[in-house]
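Take the sequence shown: its letter number 95 is residue 95 in this note's numbering, and every next letter is one higher.
The C-beta atom is built at its ideal place from N, Cα and C for all residues, glycine as well.
All of these numbers come straight from a predicted model, not from anything done at the bench.
Beneath this line is the structure, given in structure tokens, with notes to follow.
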Amino acid sequence: MDAHTPVLLYLAEKGALYRPFQSSTAKMGNDLKISQQSVSRKLREMEGEGLLHRTATPQGIRVTISEKGRQFLRHTYIRLKEVFGARLVLKGTLVTGLGEGRYYMSLGGYRKQFQSKLGFTPYEGTLNLHVDAAERTHLLQGLEMIHIDGFDTKSRTFGGIQCYPVSINGIKGAVMIPERTGHDAHVLECIAPIHLRSRLRLKDGDLITITGD
């Protein structure tokens, strides 16, 4: 990012995009955590590059961002949007699970929360993928986590579940990570409101694409 970006952003936040901003180099330096001399130098450089207009006043200085400066900020915004707006994608290979998903997905204590918190009631079963552990971590770190609370029955205690809304080969669903699981970091359990294997005609070994919502 250009060295002028912090100052331009500061001026934009102060309303200088389309009208003069009245301040002093001392005040601006204090706000930007740089010296008064550095502010004066940066403003001169930016004026020389056509990024802003400045006028000395008895109270200090009056600054307005120019059209070129506004274009610079728009370009910076687009670049940042491309970085942070990029959808997170993970690919994994379909594998047969341990068979526990069907039981846990049938429990009312979980199903009510899935509907209220995820917006759907999952098919009673999970779709298990073998994935790269590091890529799995990267995906989950970039997604919103929705917590499904654990609960107690007369016979046992069921732990909580971390859920992350995703699309699975284009179908709305979620990644689920039970607090108590027999899977390692190379396995990703997915849930959806439909039976994914039959709807997508999947078989073990097929490549599945998980996209962050």
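- Where glycine 48 is concerned, the enclosing alpha helix (DSSP H) starts and stops at 36-48.
- Contact between the stretch 23-31 and the stretch 53-60 is established, with three or more Cβ pairs separated by less than 8 Å.
- Contact check for arginine 136 against leucine 207 fails: the beta carbons are separated by 8 Å or more.
- When the alpha-carbon of tyrosine 18 is set against those of Glu124, Pro165, Thr64, the nearest one is in Thr64.
- Counting only residues of its own chain and dropping the five nearest sequence neighbours on each side, leucine 127 has a CB closer than 6 Å to the CB of Cys190, Leu196.
- Check the Cα spacing between methionine 105 and each of Thr121, Arg41, Val95, Lys42: the tightest is with Thr121.
- Inclusion of threonine 211 and valine 166 in the CB contact set at 8 Å is warranted, their separation being smaller than that value.
- Unbroken alpha helix (DSSP H) runs of no fewer than 4 residues, entirely contained in the stretch 106-191, are found at 108-113, 133-141, following chain order.
- One thing to note: arginine 54 has its Cβ within 8 Å of the Cβ of glutamate 47.
- Collapsing the DSSP output to three states places lysine 81 in a helix.
- Glycine 125 sits buried, since 16 or more C-beta atoms from the chains shown fall within 10 Å of its C-beta.
- Lysine 14 sits in coil when the DSSP states are folded into three classes, being neither helix nor strand.
- For valine 39, the CB contacts under 6 Å within the same chain, skipping 5 residues up- and downstream, are Thr25, Met28, Gly29 in chain order.
- For arginine 87, no alpha helix (DSSP H) segment is defined, and its DSSP state is neither H nor E.
- The alpha-carbon separation between valine 95 and valine 131 amounts to approximately 10 Å.
- Between phenylalanine 158 and glycine 150, the gap from beta carbon to beta carbon is short of 8 Å.
- The secondary-structure analysis by DSSP pairs histidine 53 across a beta bridge with Thr64.
- DSSP lists Ile208 as the bridge partner or partners of glycine 92.
- Beta bridge pairing from DSSP links phenylalanine 72 with no other residue.
- For serine 198, the enclosing alpha helix (DSSP H) begins and ends at 196-199.
- A buried status is given to alanine 16, since no fewer than 16 other beta-carbon atoms sit within 10 Å of its beta-carbon.
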